[in-house]
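Contents: one structure, followed by commentary.
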Amino acid sequence: LLNGGLQSLQDEFGETKVLFDVHRLQIIALGDSKTDVENRLGALSTDQGTGDCCLCHSDSEPAECFSLPCTHIYCSSCLKLLLRPVPGLEFHAPMCVAREPSSSSLCLAPIPISVILSQLPIADREWLFERSLSEFIRSSRASFQFCPRGCPVVYRVGESAGTIFTCPDCSLDICASCTVPAHIGLDCGEYQ
2 LLNGGLQSLQ DEFGETKVLF DVHRLQIIAL GDSKTDVENR LGALSTDQGT
52 GDCCLCHSDS EPAECFSLPC THIYCSSCLK LLLRPVPGLE FHAPMCVARE
102 PSSSSLCLAP IPISVILSQL PIADREWLFE RSLSEFIRSS RASFQFCPRG
152 CPVVYRVGES AGTIFTCPDC SLDICASCTV PAHIGLDCGE YQ
C-alpha cells in the first residue's frame, strides 16, 4: 500500500481526503469519498512483500533507504510519510513505528533531528518544531507556560512569590508564581 498504493489513492481522491496515520498504521478516508476509498482499498494488493523497508516491505535501492539508530530501515517514501505532519490528527513526536520481531510492540525510538532535517521541507519542519514545543510546554505546565493572552512567548514558572514576568510580545505583566496577570499589591493567596 505504501509503495505507490497510497499515492494512487491520493491522486484519485485528493491528498487531503486520504491520509495515513503511521502511528496507528491505518488509512483515514475523509469526506464524501470515504466509501469509494474503502472499496478501492479492498482492490489493492495486500501483499506485504519481503524487502528491507520495515513499513511497506519494498525492495528499494540502498541509496533510497535510511537506517535509523534503532537499526530499523525505511525506504525514502515511508520515512517521509512517517515524518510528514497530518493536520487534524493527534500530534506525536517522530518515532520509529517498526514492529519488534520478538513481540508485537512498536519500537518507538525517537527519530534523530538530522534525519528529520534531511527529509522534510522547511514548512513541515517549522510545523513539526512548533508542535513539538507546544507539546513540551503542555507536558511541563509546572515549569513552563505560554503567555495567558495566547502569545507564542514561553516563560518559566517562578517558585518564589512576587516574581513578575513581562511578556515581550504583548507587554502583559504576569505573576510567574500563580501564572495569571500580575496582581500588584496582593500576594498570590490573597489574589486567589
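The sequence shown begins at 2 in our numbering and counts up by one. Here a beta-carbon is modelled for each residue, glycine too, at the ideal position from N, C-alpha and C.
Start and end residues, alpha helix (DSSP H) containing residue i
i    : result
C66  : Segment C66 to S68 is the beta strand (DSSP E) holding C66; no alpha helix (DSSP H) there.
C189 : C189 to Y192
I114 : I114 to Q120
I123 : I123 to S140
Helix, strand or coil at residue i [DSSP, three-state]
i    : result
Q146 : strand
R85  : coil
C176 : strand
L109 : coil
T17  : coil
Whole-angstrom distance between residue j and residue i, CA atom to CA atom
i    : j    : result
G159 : L83  : 38 Å
L118 : R126 : 7 Å
P169 : A143 : 21 Å
Y216 : V181 : For the chain, the structure presents residues 2 to 193; residue 216 sits outside this window and is missing.
L80  : F147 : 32 Å
P102 : F145 : 39 Å
P95  : I175 : 33 Å
D33  : S178 : 50 Å
Among the options, nearest to residue i - alpha-carbon criterion
i    : options                  : result
T164 : D170, I185 and K81       : I185
C97  : F147, S115, L121 and T72 : T72
Residue i - containing beta strand (DSSP E), residue span
i    : result
R157 : V155 to R157
T167 : I165 to T167
I74  : I74 to C76
Given 8 Å as the limit, is there contact between the segment 151-171 and the segment 107-127, that is, 3 or more CB pairs closer than that? no
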